[in-house]
Amino acid sequence: MSDLTNLTLAELRDGFRKGDFSAVEVAESFNEAVAGADALNAYVEKTPELAIEAAKAADEARSSVSLKPLSGIPLGMKDLFATEGVLTSAGSKMLGNFKPPYESTVSANLKAAGAGMLGKLNMDEFAMGSSNETCAHGNVISPWRREGSNAGITPGGSSGGSAAAVSARIAPGATGTDTGGSIRQPAAFTGITGIKPTYGRCSRWGIVAFASSLDQAGPMARTVRDCAIMLENMAGFDPKDSTSIDAPVPQWEAGLSSDLKGKRVGVPKEYRIDGTPAEIDALWDQGVEWLRDAGAEPVEISLQHTKYALPTYYILAPAEASSNLARYDGVRYGLRETVEGGGLHDMYKATRSEGFGDEVKRRIMIGTYVLSAGFYDAYFTKAQRVRALIKQDFRKAFERCDMILTPTAPSAAFGLGEKTDPLAMYLNDVFAVPASLAGLPAMSVPGGLDKDGLPLGLHLIGNEMDEQTVLNAGLAIEERAPSIQLPEKWW
Amino acid sequence: MSEYRIKGQQGEYEVVIGLEVHAQVTSNAKLFSGAATAFGAEPNTQVSLVDAAMPGMLPVPNKECIRQAVRTGMAIDAQINKWSRFDRKNYFYADLPQGYQISQLYHPLVGEGEVEVSPDEKNPDKTKTIGVERIHVEQDAGKLMHDQHPTMSYVDLNRCGVALMEIVSKPDMRSPAEAGAYLRKLRSILRYVGSCDGNMEEGSMRADVNVSVRKPGEELGTRTETKNVNSVRFVQQVIEHEAKRQVKAIESGEGVSQETRLFDVAKGVTRPLRSKEDAHDYRYFPDPDLLPLELDDAFLAECRESLPELPDAKLKRYEDLGITPYNAAVLTAEVETAKWFDRLLDAGAEAKAASNWANSVLPGILNAKDIDFSDARNTPEASAEILAMVDKGEISKGQAKEVMELYLDEGGTPAEVVEKHGMKQTSDTGAIEAEIDKVLEANADKVEQYKGGKEQLFGFFVGQTMKAMRGQANPQVVNQILRAKLDG
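As you go down the protein sequences, you meet chains A and B in turn.
Going left to right, the first sequence walks through residues 2 to 492 as the numbering used here numbers them.
Going left to right, the second sequence walks through residues 671 to 1158 as the numbering used here numbers them.
Take a look at the structure:
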């Protein structure tokens, strides 16, 4: 039954409901595929028994016709979501084999919707990275290869394990989190679809924090429809998260329509960046044409503070991270390193030196610096102001259009070890970051392949709370873009 | 103006004092978690996942804590900021699981207000207004216990995350007496409002004491901050000690350095804790886990309506009832006393007599019997009954005290006590006259002396009559009849 892993989440759901196969068969197929995919290093913890347990419940529910929205669907969970009694390491040595006695709201919502869990997915340490090369558990390797090459390719990051798992069909869908592009960039790199909803749609409760004002959970899956289905079951108001939006969750799947008549798609001129490969720009133009074909009218818009987005992000996110990660002090959980004859501060120092990787340390230091007394106004306050201007840019833009189209990333996936300069690495998120700073819903959908046969993504940004328009435009592109054949199994 | 001066070799110095009072908010749950806040619980039994800063845990503001802080602000006539915000104050310390404290630096909940104090207890009418800079809301830290194990320190997170109000005064105080009066008044207001129990021994209220000295009229001097002082007396000791120490330091040419100090209770001196040079860079920034706090008019109106009559208003009302300023001040200082006294008035007692009873007579009785004022037996209704009997002439003032004592010992009602012990005062003129006749007859010689001009013997006859009647005669009637018989 291994061909079940080739089905989309919607196909699995509907096939299971029709009785084409049982939920246990689905779970077993994926468990088997997961077991055979160690070469990708996508899963840091496998939980086949949990997938089977949920599947059995789904099979029983089917006979009593009391199915839940995700009955019969096994999912992969990014290791940033606290899962009760199951390893939650955030890709860090600092948390070691931490098994929380609680369940994140998003994973609990998915569980309550009937979904099973295949395991915990690898990621950049504390979600800091764009290539999955900062994981304490080793790099994730993309199932993709450049044509004619065997070199390992990055799946992107930080939700690289999730992207690789969906792309390698060892999960029909997976959770991701996006702080400055961590869902969208890996989705683009692996030829899949991923959406970051409006900030506050999904509860952050139980998600190991990176940058609180930016972190947002979202789904990663093979199709736009699959993303809509998953997001519907992840989102919702949560009184345990003060920043959660108190609004009902729309029926996004039911609202899907690729008819964009009467809609205007904004094309921001500032996103034409020098040095972007011609094929990226060409794909972008192609995307505009597909949306025009679906009935949308393209309009040029200006997001004039775009060039300040990346520096702003790399002040604000590390500032919040330096504070959020202060709790990892070796006192209550996770790693603890002591120094012979040392005191409390020696223990802190040893624990944090040993527990955090280089990228995390770099960001903690940047964050600590920009918050420090002498530099606070020069950096943090100024970045807050620029963030407000970027939000204002979008507000103005959405007076003129309903959605914005850009490329997802400035290039296709690069090879593991190819990018060593942190600043060059940060540039990967240049298109994704502005929407994060503005808290807007944004999605990456596959657009085509580059000259080496690697996937490229198109990026849709919607107005606040308007995930539906983003999904619909995504669907319109999905229907028109050449269908991407996911990589053949080599692993 | 305060006359308090420190005498140095080179003249007199004035002391300038500001207090930062940390008051624990009375609430059932912590500021940002649902954990309980009871005092004296076993270590680490009142700690939620949020308090322990488990990964992914988020703070959610407890509305009751906000409400209490707003009500406190209203009670000192302060500006209530409808828009305020929580900031993180980042620093590493073992009693701080998150690695930061959630506080308010940039936009506090409560702005400027004021407290009127009477530094001179003998002259409660002489008042001074102390400005309050702001009240902000913040989390308390956990408690470190260093003496439980030879090599390890233990951490108790029970207090961690408990809501505190930090009430920051302006540097308006000029003497230990003013600081003491301010603290006592503040505590009184907090207890009236019900936003803090004011229990300094249990740590519900503590003060950081900022002290500097200067020649009168000159620029402000360099100040020191003495942390966590937990009684009014200690605060006053800190000020006295710091002021003298600073004058000495200035005159010796060494100068005062801006630093944080600790108060050594045993020795009554302050010691340096850390200097400004190695002061922490706290790295404040708005807490991204929390939205700004926005209060609407309905909430503010509810807070205002829920405020009780406050000490100053009550004081004025008592004075208007004819109670002396001193008595009124004593009666209003503690909310329990004031509530008790209001019940006494409600039961119909005459204000002036009631205030004397409550302030002078009753405390003596309770002290002698070692009974707490709040003892269940000490009901204002019993006192009201006794005062009513005095008022009606049924018992004398002297008997009133005795009735109260017996009532406390034996229970029942004051009326039953009077009945049982046959203490009812008699105004029966026949009986009194008969008794007086006997007294005069038995003391014929003294009657002669009286008539001969020794008028001070009148008291003797009254005493003899009262004694003969076992104190139950109405002294007014006794007086009347005696006068008639002796002078008539």
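Ideal placement from N, C-alpha and C gives every residue a C-beta, glycine not left out.
Within the same chain, show all residues whose beta-carbon is closer than 8 Å to that of F1136 of chain B, passing over the 5 residues directly before and after it, in chain order.
-> The residue given as residue 1136 of chain B occupies position 466 in the second sequence. At residue 1136 of chain B the sequence reads Met, which differs from the Phe that was named. These residues qualify, in order along the chain: A1143, P1145 and V1148.
Nearest-angstrom Cβ-Cβ length linking Y314 of chain A and S213 of chain A, presumed shorter than 8 Å | Within the first sequence, numbered from 1, the residue matching residue 314 of chain A stands at position 313. Within the first sequence, numbered from 1, the residue matching residue 213 of chain A stands at position 212. Rounded, the Cβ-Cβ distance is 14 Å, inconsistent with contact.
Output, in chain order, the set of chain B residues within a Cβ distance shorter than 7 Å of E321 of chain A.
-> As a first step, residue 321 of chain A must be located in the first sequence, where it is residue number 320. Neighbours of E321 of chain A across chain B, judged by C-beta separation under 7 Å: P958.
If we cut at 9 Å on Cβ distances, does G356 of chain A have a partner in chain B?
-> One-based indexing of the first sequence puts residue 356 of chain A at position 355. Closer than 9 Å: no.
Taking just the CA atoms, how far does P408 of chain A sit from K241 of chain A?
-> Numbered from its first residue, the first sequence carries residue 241 of chain A at position 240. Numbered from its first residue, the first sequence carries residue 408 of chain A at position 407. For K241 of chain A and P408 of chain A, the distance between alpha carbons rounds to 35 Å.
Presumed contact (8 Å Cβ cut-off) between R884 of chain B and Y683 of chain B, rounded CB distance | Counting from 1 along the second sequence, the entry for residue 884 of chain B is found at position 214. Counting from 1 along the second sequence, the entry for residue 683 of chain B is found at position 13. Yes, they are in contact, since the Cβ atoms of R884 of chain B and Y683 of chain B sit about 7 Å apart, within 8 Å.
Coil, strand or helix - A137 of chain A by DSSP | Start at 1 with the first residue of the first sequence, and residue 137 of chain A comes out as number 136. In the structure shown, A137 of chain A sits in coil (DSSP, three-state: anything other than H, G, I, E or B).
Three-state secondary structure (DSSP) at P942 of chain B?
-> The residue you call residue 942 of chain B lines up with position 272 of the second sequence. Here P942 of chain B sits in strand by DSSP.
What separation, rounded to the nearest whole angstrom, lies between the Cα atoms of R170 of chain A and A188 of chain A?
-> Numbered from its first residue, the first sequence carries residue 170 of chain A at position 169. Numbered from its first residue, the first sequence carries residue 188 of chain A at position 187. Going from the Cα of R170 of chain A to the Cα of A188 of chain A covers about 14 Å.
Looking at C-alpha atoms only, which residue of B:N1029, B:P1050 and B:A971 is the closest neighbour of K1009 of chain B?
-> On the second sequence, position 339 is the one that residue 1009 of chain B refers to. Residue B:P1050 holds the alpha-carbon nearest to the alpha-carbon of K1009 of chain B among B:N1029, B:P1050 and B:A971.
Can the beta-carbon of D453 of chain A be found closer than 9 Å to that of R147 of chain A?
-> As a working note, residue 453 of chain A is residue 452 in the first sequence. As a working note, residue 147 of chain A is residue 146 in the first sequence. The answer is yes: Cβ separation under 9 Å.
Identify whether L487 of chain A lies in helix, strand or coil by the three-state DSSP scheme.
-> Looking up residue 487 of chain A in the first sequence gives position 486. If DSSP states are grouped into helix, strand and coil, L487 of chain A belongs with coil.
At what residues does the alpha helix (DSSP H) containing G177 of chain A begin and finish?
-> For this step, residue 177 of chain A is matched to residue 176 along the first sequence. Careful: G177 of chain A lies outside any alpha helix (DSSP H), inside the beta strand (DSSP E) at G174 to D179.
Per DSSP, G925 of chain B forms a beta bridge with which residues?
-> By 1-based counting over the second sequence, the position of residue 925 of chain B is 255. DSSP lists no bridge partner for G925 of chain B.
Residue ranges of each beta strand (DSSP E) run of no fewer than 3 residues wholly in the segment 225-296 of chain A, ordered along the chain?
-> Entirely contained in the segment 225-296 of chain A, the beta strand (DSSP E) runs reaching 3 residues are, in chain order, 265-269.
May I have the straight-line CA-CA distance separating H819 of chain B from V939 of chain B, to the nearest angstrom?
-> Along the second sequence, read from residue 1 onward, the residue named residue 819 of chain B stands at position 149. Along the second sequence, read from residue 1 onward, the residue named residue 939 of chain B stands at position 269. A straight-line Cα-Cα distance of about 28 Å links H819 of chain B and V939 of chain B.
Would you mind listing the alpha helix (DSSP H) stretches within the segment 399-453 of chain A that are 4+ residues and don't spill past its ends, in chain order?
-> Counting only runs of 4 or more, we get 423-427 and 434-439.
Which whole runs of the alpha helix (DSSP H) in the segment 958-998 of chain B are 4 residues long or more, in chain order?
-> Runs of alpha helix (DSSP H) with 4 or more residues, each lying fully within the segment 958-998 of chain B, are found at 967-975 and 981-990, listed in chain order.
For M1059 of chain B, decide whether its Cβ has a neighbour in chain A, counting only Cβ atoms nearer than 9 Å.
-> Numbered from its first residue, the second sequence carries residue 1059 of chain B at position 389. Any Cβ of chain A closer than 9 Å to the Cβ of M1059 of chain B would place that residue at the interface, and such an atom is absent.
Interface flag, S3 of chain A vs chain B, CB-CB below 9 Å | On the first sequence, position 2 is the one that residue 3 of chain A refers to. A caution first: S3 of chain A carries a pLDDT of 48, below 50, which makes its placement in the model unreliable, though a value can still be read off. So no, S3 of chain A is outside the interface.
Any residues in the segment 239-261 of chain A with a beta carbon nearer than 8 Å to a beta carbon of chain B? Which ones, in chain order?
-> Within the segment 239-261 of chain A, the qualifying residues are P240, K241, D242, S243 and T244.
Who are the near neighbours of G688 of chain B in its chain, counting only those whose CB is closer than 6 Å to its CB and skipping five residues on each side?
-> Within the second sequence, the letter at position 18 stands for residue 688 of chain B. S839, P841 and N880.
So what does DSSP say about R675 of chain B, is it helix, strand or coil?
-> Mapped onto the second sequence, residue 675 of chain B falls at position 5. Residue state, collapsed to three classes: coil.
If you scan the segment 675-724 of chain B from start to end, which runs of the beta strand (DSSP E) of 3 or more residues do you find wholly inside it?
-> Qualifying beta strand (DSSP E) stretches, in chain order: 676-678 and 681-694.
Does the beta-carbon of D817 of chain B have 16 or more other beta-carbons within 10 angstroms, so that it is buried, or is it exposed?
-> Here residue 817 of chain B corresponds to residue number 147 of the second sequence, with the count starting at 1. Taking all protein chains in view, the Cβ of D817 of chain B is surrounded by fewer than 16 other Cβ atoms within 10 Å, so the residue is classified as exposed.
Kindly confirm or deny that the segment 851-871 of chain B and the segment 957-969 of chain B touch, where touching means at least three C-beta pairs closer than 8 Å.
-> No: the two stretches stay apart, fewer than three of their Cβ pairs being nearer than 8 Å.
For H819 of chain B, does the three-state DSSP call read helix, strand or coil?
-> As a first step, residue 819 of chain B must be located in the second sequence, where it is residue number 149. Of the three classes helix, strand and coil, the one that applies to H819 of chain B here is coil, per DSSP.
Span of the beta strand (DSSP E) around I837 of chain B | For the purposes of this step, residue 837 of chain B is identified with residue 167 of the second sequence, where counting begins at 1. For I837 of chain B, the enclosing beta strand (DSSP E) has its first and last residue at A833 to S839.
Note down, in chain order, every chain A residue with its Cβ under 9 Å from the Cβ of N760 of chain B.
-> In the second sequence, residue 760 of chain B corresponds to position 90, counting from 1. Those within 9 Å of N760 of chain B in chain A are S323, S324, A327, T369 and L372.
Considering only residues of the same chain and omitting the five flanking positions on each side of N656 of chain B, which have a CB-CB separation below 8 Å?
-> This structure cannot speak to residue 656 of chain B, because chain B is shown only from 671 to 1158.
Is the CB of S105 of chain A under 9 Å away from at least one CB in chain B?
-> What you label residue 105 of chain A is simply residue 104 of the first sequence in a count that begins at 1. Yes, S105 of chain A counts as interfacial toward chain B.
Below 8 Å, can you find three or more Cβ-Cβ pairs linking the segment 28-37 of chain A to the segment 689-703 of chain B?
-> The segment 28-37 of chain A is not in contact with the segment 689-703 of chain B.
Which class does H777 of chain B belong to by DSSP, given the choice of helix, strand or coil?
-> Mapped onto the second sequence, residue 777 of chain B falls at position 107. Looking at H777 of chain B - three-state DSSP - the assignment turns out to be coil, as it is neither helix nor strand.
By a C-beta neighbour count over all protein chains shown, 10 Å radius and 16 as the cutoff for buried, is S458 of chain A buried or exposed?
-> The residue labelled residue 458 of chain A in the question sits at position 457 within the first sequence. Going by the sequence as given, residue 458 of chain A is Gly instead of Ser. Its Cβ being crowded by 16 or more others within 10 Å, G458 of chain A is buried.
Got a sec? Which residues, its chain only, sit under 6 Å from T89 of chain A by beta carbon, not counting five neighbours each side?
-> Counting from 1 along the first sequence, the entry for residue 89 of chain A is found at position 88. Counting only Cβ-Cβ distances below 6 Å, and skipping sequence neighbours, we find A83, F99 and P101.
Chain B partners of I208 of chain A, CB-CB under 7 Å?
-> Counted from its first residue, the first sequence places residue 208 of chain A at position 207. Chain B residues near I208 of chain A: G726.
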